[in-house]
Every structure is written in structure tokens, then in C-alpha cells.
Amino acid sequence: MKIGSRKTVLSAAVLAALTALPVAPVALGQDGVLEEVVVTSRKRTENLQDVGFAVSALTKSEIEGQFARDITDLANISPNIVIDDTAQGPGGVAAIFIRGIGWPTLKRTLTPRSPVVVDNMFIGSNAGSLLRSIDLEGMEVLRGPQGTLFGRNTIGGAINITRSRPTGELGGKVRVGYENYDTFYADGIFNFGIGENLAVKLSAAKRDQQEDTTVTIMWAVM
Numbered sequence: 000m001k002i003g004s005r006k007t008v009l010s011a012a013v014l015a016a017l018t019a020l021p022v023a024p025v026a027l028g029q030d031g032v033l034e035e036v037v038v039t040s041r042k043r044t045e046n047l048q049d050v051g052f053a054v055s056a057l058t059k060s061e062i063e064g065q066f067a068r069d070i071t072d073l074a075n076i077s078p079n080i081v082i083d084d085t086a087q088g089p090g091g092v093a094a095i096f097i098r099g100i101g102w103p104t105l106k107r108t109l110t111p112r113s114p115v116v117v118d119n120m121f122i123g124s125n126a127g128s129l130l131r132s133i134d135l136e137g138m139e140v141l142r143g144p145q146g147t148l149f150g151r152n153t154i155g156g157a158i159n160i161t162r163s164r165p166t167g168e169l170g171g172k173v174r175v176g177y178e179n180y181d182t183f184y185a186d187g188i189f190n191f192g193i194g195e196n197l198a199v200k201l202s203a204a205k206r207d208q209q210e211d212t213t214v215t216i217m218w219a220v221m
């Protein structure tokens with residue numbers, strides 16, 4: 000009888016502790032309805048609830064709300080993923096693991112097992128995969144083999160990234176920061192139009208760390 004009483008008290012204590020745990024908030028709209036999360040992993044726009052495999056997604060507003068410098072700061076988007084900078088060269092060399100599958104260092108002769116896909120373009124190396132977050136429109140993590148969508152080498156999964164498109168309107172944004180080891184960085188985007196049918200977007204990033212300096216400039220025309 001005493002043993003049974005102890006089990007009952009212990010079970011009640013565990014249940015009380017579990018009910019006291021914080022619960023992750025659910026994204027609700029103003030009318031109390033779940034907001035639709037749109038993904039493009041299958042090369043078409045669809046609701047996240049309609050995708051038949053494990054995928055986690057971040058929208059543009061969610062990325063901006065995390066004040067992330069690059070995609071290493073967005074690894075908490077999904078379970079079973081690690082994104083790290085191996086610091087092996089300018090522009091960043093990513094060590095990306097999804098479900099424990101990936102390369103820890105730069106492999107020049109091998110494609111990544113958990114690659115990054117940018118605007119439907121497969122990045123065939125882990126060099127240059129650490130994209131700055133200032134230009135991201137959305138980020139999706141696909142867990143598990145994705146050979147049907149992105150090729151036979153995506154054994155662990157894939158990170159699908161969508162960048163912002165040229166708007167044709169005059170405007171831009173700049174972000175600067177200072178970090179450990181005397182690291183200073185600056186990111187910027189500038190949009191403008193030429194006539195009625197041409198839109199141009201320029202993006203640039205600069206990073207100073209002690210005696211090393213890295214400058215990256217990209218552009219897009221529509």
C-alpha cells in the first residue's frame with residue numbers, strides 16, 4: 000500500500016510539472032485563425048500544411064525579427080540541424096548537418112550532403128553557402144533525402160532560400176554591427192528602376208576581423 004501511494008504522489012508531481020511547462024505560441028491571425036505559411040520547396044507556392052514531408056519555414060518578417068546576421072543564426076528554425084562557419088576562407092565555408100549528415104570541412108571534390116539551394120539554384124560546394132540574412136525573403140529546411148527535388152546528393156536534406164527580388168522603386172536598407180574579436184560588418188541593399196520595364200537591385204557586404212577584410216558585392220536585374 001505504501002509503495003502504491005508513493006507512485007501515485009510521484010505521478011501527480013510529474014503531471015503538475017508537465018502542465019507548468021511553457022507552450023510554444025501558435026501563429027494566429029487577428030481573427031484567431033491560424034495564419035497560412037507559404038513554402039516553395041516543391042518549386043511551386045503551396046501551404047506548409049499541404050507538404051507531405053518534414054519541412055520548417057521562416058518568413059521574411061520572422062527572419063528580420065531574429066536580427067540574424069547570416070543563416071548560422073537561423074539554425075533554430077528546425078530540429079536536427081546544425082549550421083556553423085568553419086572560417087576556412089572569405090565569404091564563409093558552411094558546415095551544415097541535417098539529421099547528422101553533412102561535411103565538417105571544405106570538400107572541393109564532393110558536393111554537400113545537406114546543401115543550400117538559392118532561388119532554385121543548387122550550390123555545389125559548402126563554400127559561399129553562408130548567405131547574409133538581410134537579403135532573404137524566406138528560408139525553408141527540408142529534413143530527409145530530397146533527391147526528387149534537388150538531386151541524388153541531398154541525403155541529409157536541404158536548405159531552400161529565397162532572396163528578395165528587385166522592386167523597381169528607389170529605396171534600400173543598411174545594417175551594421177560590431178562583434179567579438181574586433182569584428183565589424185556592414186550589409187546593404189539598394190533598389191532602383193531604369194525606365195518602366197527594368198528593375199535593378201544591388202547588395203553588398205563588408206566584414207572586418209582584426210587584420211582580415213572581406214567584401215562581397217552582388218547584383219540582380221529584372
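The sequence shown stops at residue 221 when you use numbering that gives the first Met the number 0, and every number in between is there.
Cβ coordinates follow ideal geometry from the N, Cα and C atoms, glycine included.
Quantities reported herein were computed from a predicted structural model and do not represent experimental measurements.
Here the C-alpha atom of Gly123 lies approximately 11 Å from the C-alpha atom of Phe149.
Within the same chain, Thr110 come within 6 Å of Asn152 by CB-CB distance, once the 5 residues on both sides are set aside. In this structure, Ile95 is the residue among Asp181, Pro165 and Ile95 with its C-alpha nearest to the C-alpha of Leu73. Of the candidates Val36, Glu35 and Arg41, Arg41 places its Cα closest to the Cα of Ile158.
In the three-state reduction of the DSSP assignment, Ile154 falls in the coil class.
Taking a contact as a CB-CB distance under 8 Å, the pair Ile80 and Ile97 counts as one, their CB atoms being some 5 Å apart.
The continuous alpha helix (DSSP H) containing Ile62 extends over residues Lys59 to Gly64.
Of the residues assessed, Asn75 falls on the exposed side of the cut-off, its CB having fewer than 16 other CB atoms within 10 angstroms. Around the C-beta of Met138, 16 or more other C-beta atoms lie within 10 Å, and the residue is accordingly described as buried. Taking every protein chain shown into account, the CB of Ile188 has 16 or more other CB atoms within 10 angstroms, so this residue is buried. Following the DSSP letters along the chain, one finds Gly176 inside the beta strand (DSSP E) bounded by residues Gly170 to Glu178.
Leu201 and Asn190 have their alpha carbons spaced roughly 7 Å apart. Annotation: the continuous alpha helix (DSSP H) that includes Leu148 extends over Gly146 to Phe149. Listed as beta-bridge partners of Ser55 by DSSP are Val140.
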